[in-house]
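Under numbering that gives the first Met the number 0, the letters of the sequence shown match residues 0 to 143, in that order. For every residue, glycine included, the Cβ atom is placed at its ideal position computed from N, Cα and C.
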Amino acid sequence: MKKLLVYGIFLLFAGIQSGQSQTVIGKWKTFDDETGAAKSIVEIYEKNDKIYGRVLEILEKGKEDKICEKCKGAKKDKPIKGLVIIEGLTKDGDTWEDGTILDPKNGKEYKCHITLESANKLKVRGYIGVSLLGRTQYWTRIDI
Numbered sequence: 000m001k002k003l004l005v006y007g008i009f010l011l012f013a014g015i016q017s018g019q020s021q022t023v024i025g026k027w028k029t030f031d032d033e034t035g036a037a038k039s040i041v042e043i044y045e046k047n048d049k050i051y052g053r054v055l056e057i058l059e060k061g062k063e064d065k066i067c068e069k070c071k072g073a074k075k076d077k078p079i080k081g082l083v084i085i086e087g088l089t090k091d092g093d094t095w096e097d098g099t100i101l102d103p104k105n106g107k108e109y110k111c112h113i114t115l116e117s118a119n120k121l122k123v124r125g126y127i128g129v130s131l132l133g134r135t136q137y138w139t140r141i142d143i
């Protein structure tokens with residue numbers, strides 16, 4: 000009976016841990032498309048049943064205090080660190096979609112959808128019009 004109780008507690012904690020790792024919410028390391036070098040840390044969070052992402056840290060040396068010169072509207076000339084770059088994604092099955100992603104490098108916003116490829120790998124797709132016209136990045140979850 001004691002072994003059964005210990006086993007039950009173990010399964011409960013394993014289930015909680017598994018559930019926490021199967022979410023897009025968390026901190027993710029982004030990478031440069033051309034060089035593959037680590038670029039930033041983005042925190043993905045939920046607000047009013049939608050997903051958002053903000054830049055927590057810029058990892059590129061010399062660019063830590065860069066501003067979004069090419070951004071439009073309220074984001075123009077704001078520091079990239081702290082900038083919300085993913086906005087308004089809603090869940091549809093295993094994908095979060097129907098929102099936007101901002102590329103601070105060129106100041107353009109794209110339609111976006113994200114999918115959890117594994118517990119520690121996030122597929123991020125930004126596109127114009129239809130998903131075929133865009134690019135995909137893979138972000139890696141980081142430990143807190």
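Out of the options, which has the shortest C-alpha to C-alpha gap to residue i?
i      : options                        : result
Leu121 : Ile127, Pro103, Gln136, Tyr109 : Gln136
Ile50  : Val83, Arg134, Trp138, Gly133  : Val83
Thr29  : Asp93, Glu56, Glu68            : Glu56
Ile24  : Lys80, Lys71, Gly35, Ile85     : Ile85
Helix, strand or coil: which one does DSSP assign to residue i?
i      : result
Lys46  : strand
Gly25  : strand
Ala73  : helix
Ile66  : strand
Leu10  : In this prediction, Leu10 scores a pLDDT of 40, lower than 50, which makes its location untrustworthy; no coordinate-derived value is stated.
Asn105 : coil
Ile79  : coil
Ala36  : coil
Val54  : strand
Val129 : coil
With a Cβ-Cβ cutoff of 9 angstroms, do residue i and residue j count as a contact?
i      : j      : result
Cys111 : Val123 : yes
Thr99  : Glu108 : yes
Asp97  : Leu88  : yes
Using DSSP's beta-bridge definition, name the partner residues of residue i.
i      : result
Lys122 : Thr114, Tyr137
Glu96  : Thr89
If I'm right that residue i touches residue j with Cβ under 8 angstroms, what's the distance once you round it to whole angstroms?
i     : j      : result
Ile40 : Ile141 : 7 angstroms
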